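Those protein sequences? They're chains V and W, same order as listed.
Here the first sequence is numbered in the working numbering, starting from 1 and rising by one per residue.
Here the second sequence is numbered in the working numbering, starting from 1 and rising by one per residue.
Only one structure is covered here, and it is reproduced in the block below.
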Amino acid sequence: MGGRAPNPPAHGLGTTIPTTPQPALRMRGISKRFPGTLALDAVDFEAAAGTIHGLLGENGAGKSTLLKILAGDYQASEGTIEIAGEPVTIASPRDAREHGIGIVYQELSLLPNLTVAENISLGIEPTVGGRIDASLLKRRARETLASIGVAAVDPERKVGELSLAERQLVEIARLLTIRQPRVLVFDEPTTALNHHDVLRFFSIMARLRDDGVAVIFVSHRYREVLEICDECTVLRNGRRVGHVQRGEASLERLVALTLGQRGEAAFSRAWRAEEDAETVLEVEGMAVGSRIHDVHFSVRRGEIVSLCGLLGMGQTEIARALIGDGDRVAGSVRIAAADGLPRTAREALRRGLGLIPEDRQAEGLFPDMSVRSNVSISSLARIVVAPFVRAIEFARERALVQGVAERAGIAPRVLGRPMRTLSGGNQQKALFARWLLRGTRLLVCIEPTRGVDVGAKIEIYRQLEALARDGAGVLVVSTDLPEVLGLSDRVLVVYRGTITEELDPRGTGEQRLLLAMQGGAVGEKVGLVETEVVG
Amino acid sequence: MAVEARAAAAAGAAQTPLERLRPFAEAFGTLAVAGLLLLAFGLTSSVFLEAANLRNILVQITVVAVAAIGETIVMLAGGLDLSVGANVLFGSVVAADLAVRQSLPLWFAIPVGIAASAGIGLLNGVVSAVIGIEPILATLGTFLVAAGLAKIILHSSWIVVDSSFFADFVQTKVFWQLPVMVIAMLGLYAAASLLMRATPFGRSIYAIGGNPAAARIAGLPTTRVRIAAFALAGAFAGMAGVLQIGQLGIVSSGNTTGLEFQAITAALIGGLSVSAGGVGRVERTLLGAVIVGMIANYQTIRGVPPNYQQALLGGILLLAILVDRLIRGRA
Chain V
1 MGGRAPNPPA HGLGTTIPTT PQPALRMRGI SKRFPGTLAL DAVDFEAAAG TIHGLLGENG
61 AGKSTLLKIL AGDYQASEGT IEIAGEPVTI ASPRDAREHG IGIVYQELSL LPNLTVAENI
121 SLGIEPTVGG RIDASLLKRR ARETLASIGV AAVDPERKVG ELSLAERQLV EIARLLTIRQ
181 PRVLVFDEPT TALNHHDVLR FFSIMARLRD DGVAVIFVSH RYREVLEICD ECTVLRNGRR
241 VGHVQRGEAS LERLVALTLG QRGEAAFSRA WRAEEDAETV LEVEGMAVGS RIHDVHFSVR
301 RGEIVSLCGL LGMGQTEIAR ALIGDGDRVA GSVRIAAADG LPRTAREALR RGLGLIPEDR
361 QAEGLFPDMS VRSNVSISSL ARIVVAPFVR AIEFARERAL VQGVAERAGI APRVLGRPMR
421 TLSGGNQQKA LFARWLLRGT RLLVCIEPTR GVDVGAKIEI YRQLEALARD GAGVLVVSTD
481 LPEVLGLSDR VLVVYRGTIT EELDPRGTGE QRLLLAMQGG AVGEKVGLVE TEVVG
Chain W
1 MAVEARAAAA AGAAQTPLER LRPFAEAFGT LAVAGLLLLA FGLTSSVFLE AANLRNILVQ
61 ITVVAVAAIG ETIVMLAGGL DLSVGANVLF GSVVAADLAV RQSLPLWFAI PVGIAASAGI
121 GLLNGVVSAV IGIEPILATL GTFLVAAGLA KIILHSSWIV VDSSFFADFV QTKVFWQLPV
181 MVIAMLGLYA AASLLMRATP FGRSIYAIGG NPAAARIAGL PTTRVRIAAF ALAGAFAGMA
241 GVLQIGQLGI VSSGNTTGLE FQAITAALIG GLSVSAGGVG RVERTLLGAV IVGMIANYQT
301 IRGVPPNYQQ ALLGGILLLA ILVDRLIRGR A
């Protein structure tokens, strides 16, 4: 790919239609204030009919807020919205629909137990004499699906049986059936799709564009943006920081616009592992299903290693496969000098592995149990009177938990309270304390600081470093760039299901890292992506 | 993201009066209700507060209360056991058949009866935890199995148990004029309370009921604990069956009609939830059973016909669930 001049657009997707003088959507000076924050600061955004417009920015840059204003979920504090030149007020999702605005979210709104045809016409079912006209229902579904070039989805199948990609297509067909939209927003539609489905998705976006729809494509995958978009707008900290036309865009340019110039890393390490420390985790040739392949890496005692990739690139699957949560896992894994992949979480634990899951509430916490019980739950064998007297010795439990709670920075007075009463940061610390008490050899943390305030973040970094210092290996999965660079000894970049690069965070900037996550190299002239022939 | 976090924090700070009431309601709610009922019934009936009547209430509730221990453990683990009633019958039938019809010694007949019920519980556990069938469906199936087996053994008849050992359950008073079976009930509650509070098994039950996915990640043997919870519930049902032999002196298939719902009602009034496990205490189920017993007893004293009693009890159950929802904010 590298070094090529911008190619002529592949499969005819890139033909730029001249921008009409009156854009389909014009948002002017949009500001949105939340108590204590300015989420959007006088943002201008225009999308022309018959174009595909990329909307880019980091998490928290303001993309979602802008979309929610467009969808009628939020009201702008200031600013105006025009649709096809007419000023409009979008006070509710219903208004948005009436103005021809359609949004396809990642979380689809289909009913799994109904058929494709029933979903597509939900709420607008054609009737004959008071009963649903089943044949018209099916014909309508088939026609709408055909209009976006989808013939492979059977209207009579239940939506619950479809793949995610197919469900997205049904969702689009449903939007089109309700009313031909003028503005259609796709919110990170490709995150969970494989390459083949991404290309199919692109051809649908192109078709909609050719029908004169203003298509807005929200994505963190800049290669895809470059491939499909006619222009794009970049947000950063609630401001519009760039608007780039197709010809001017490159991976490096988009990365630079997204990140801007930032100061120091989030955290600076006080201690590092010795170079020759023993290996606690060795992964060779790991494959998970069809999405993850040829993964090789290792983690040494005292090391903090990050798996870093855009959402959906496979880093989470790699980490979860280690605790026995992978489907069809192949390859060899060595944990603390013992061969073989744990098949269950329990086995993983016995082998010295601990997991801090990405969703604390769903997989980490016992909300109604005390903080103390939450900490000791993985070390019950340590707090019983004797191995054959399985009664809990409360005094020992108190003492042990108090010890690790102090190390984890949890105030002793909260230990007796129900877990649900703690802040996100303190809950996360309690999960660390759980593994401190158990004494893990390898701690796998997935997005350890998500939903945690800045102060607590730094403390969690200290925890991880302390854990490493005690001799554990730490594997972090994170998409937070400053975190990855400040915290890690080594950064492994995951792209399309495998590790593509290893970076030393010392001397690596955020832009360099994000570029690698986008699958790009320094100096590469990317106006377009390599085109792959799909069978 | 920062915005959302702040919004969540703000929501946490602004507690409604009901939410602030929650910790107290959880700790003392059931006790307060029991106290209020005792007061109200005592003030409006001259016989209700007589020692003999109060003792009578305790004897009346014993079988349901012991079966409700197992029900509580299963519900704490996030399940539901519809088979307890039939399983009480099954245990009592097996024990009575061995003791009376086969003339085998009691030291053999009673443990085998309890073990038979535990076996049904084990089946519940395997079907729901290993095969993955919803507990409510699995136990509906075993409910029929246990009831059917009991009737097969009974041969459409009944067994009169004429044994001084069983008669002593009611007749022998230990202290405060309380008969053996009431003391046995209190002892079983004390044991179950310790088991749930002070053992790794009890902790695991609460954890699995509170958040099964987190329990798995925390390394708990979730399948094993679930099976054990059901098997234990079966054993308690068997013990309730043995106590029932003592209480009634006769084993017949009508003995346990509706018992599972009484046990579930006791647990629910004691503060457990059908939709989510992990919250509640065994000893509060005893209070729940006492409340149910007091209401039934008061109605009998007042001469309310039995059919009305059942409808009223159902209404009270609905009320208890409604109040619980309001306080806990669970929809």
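Even for Gly, the Cβ is constructed at its ideal location relative to N, Cα and C.
Bear in mind that the values here come from a model prediction, so they are computed numbers and not experimental data.
Distance between residue j and residue i (C-alpha atoms, nearest Å)
i      : j      : result
W:I250 : W:G187 : 24 Å
V:V43  : V:Q245 : 18 Å
W:V174 : W:N56  : 15 Å
V:S268 : V:S488 : 10 Å
V:I392 : W:P105 : 38 Å
V:K138 : V:E156 : 7 Å
V:A24  : V:I103 : 15 Å
W:A237 : W:R325 : 29 Å
V:T89  : V:D359 : 37 Å
V:R414 : V:V371 : In the sequence under discussion, the amino acid at residue 414 of chain V is Val, which differs from the Arg named in the question. Answer to the nearest angstrom: the Cα atoms are 7 Å apart.
V:I120 : V:A141 : 6 Å
V:Y461 : V:V452 : 12 Å
V:L543 : V:Q518 : Only positions 1 to 535 of chain V appear in the structure, and residue 543 of chain V is not among them; the question remains open.
V:A256 : V:H220 : 14 Å
V:R540 : V:P412 : Outside the shown range of chain V (1 to 535) lies residue 540 of chain V, about which nothing can therefore be said.
Contacting residues, own chain, Cβ-Cβ under 7 Å from residue i (five flanking each side not counted)
i      : result
V:R179 : R97, G100
W:V93  : A150, I153, L154, V251
W:F41  : F48, M294, Y298
W:F169 : P179, V180, M181, L243, G246, Q247
V:A273 : R300, R301, G302, E303, A468, D489
W:A138 : N124, V127, S128
Beta-carbon proximity check, residue i vs residue j, cutoff 9 Å
i      : j      : result
W:Y206 : V:D368 : yes
V:R223 : V:L259 : no
V:I292 : V:E317 : yes
V:T498 : V:L311 : no
W:T265 : W:L313 : yes
V:V375 : V:V333 : no
W:G121 : W:A192 : no
W:Y189 : W:A276 : no
V:L485 : V:L307 : no
W:A228 : V:I377 : no
W:A95  : W:G241 : yes
W:G278 : W:I208 : yes
V:L365 : W:A214 : yes
V:L184 : V:V153 : no
V:R496 : V:H195 : yes
V:A472 : V:L442 : yes
Whole-number beta carbon distance between residue j and residue i, since they are thought to touch under 8 Å
i      : j      : result
V:A319 : V:V477 : 5 Å
W:A231 : W:E71  : Actually they are not in contact, since the Cβ atoms of W:A231 and W:E71 sit about 14 Å apart, beyond 8 Å.
V:L515 : V:C232 : Incorrect: roughly 17 Å between the Cβ atoms, too far for contact.
V:A165 : V:D197 : 4 Å
W:G91  : W:I114 : 6 Å
V:L355 : V:V444 : 5 Å
V:A84  : V:Q22  : 6 Å
Residue i: CB within 8 Å of a non-hydrogen atom of the ligand GDP
i      : result
W:L268 : Within the structure as shown, the ligand GDP is missing, as the structure has no ligands at all.
Contacts around residue i, its chain only, beta-carbon distance under 6 Å, and the 5 residues preceding and following it disregarded
i      : result
W:L202 : Position check: residue 202 of chain W holds Gly in this sequence, whereas Leu was assumed. The answer, listed in chain order, is L195, M196.
W:Q60  : G293
W:A331 : Note that W:A331 has pLDDT 36, beneath the 50 cutoff, so the model's placement of it is unreliable and the number below is only indicative. Excluding sequence neighbours, W:A331 sits near nothing in its chain.
W:G79  : P135
V:A348 : I323, G324, P342
V:F432 : A408, Q463
Sequence-distant residues of the same chain with beta carbon closer than 8 Å to residue i, five excluded per side
i      : result
V:A338 : R351
V:G29  : A42, V43, D44, E78, G79, T80
W:E50  : none
V:Y105 : D187
W:I321 : L268
Worksheet entry | Residues within the stretch 388-411 of chain V neighbouring chain W, beta-carbon criterion of under 8 Å | R390, A391, I392, F394
Item to complete: Note down, in chain order, all residues in the stretch 203-227 of chain W with a beta-carbon under 8 Å from any beta-carbon belonging to chain V.
Response: R203, S204, Y206, A207, G210, N211, A213, A214, A215, R216, I217, A218, G219, L220, P221
Worksheet item: the stretch 348-368 of chain V: which residues have C-beta closer than 7 Å to a C-beta of chain W, in chain order?
Response: L349, L355, P357, A362, E363, G364, L365, F366, P367, D368
Item to complete: Please list the residues of the stretch 308-341 of chain V that have a C-beta atom closer than 7 Å to any C-beta atom in chain W, keeping them in chain order.
Response: none
Worksheet entry | Residues in the stretch 267-300 of chain W having any Cβ partner in chain V nearer than 8 Å | G278, V279
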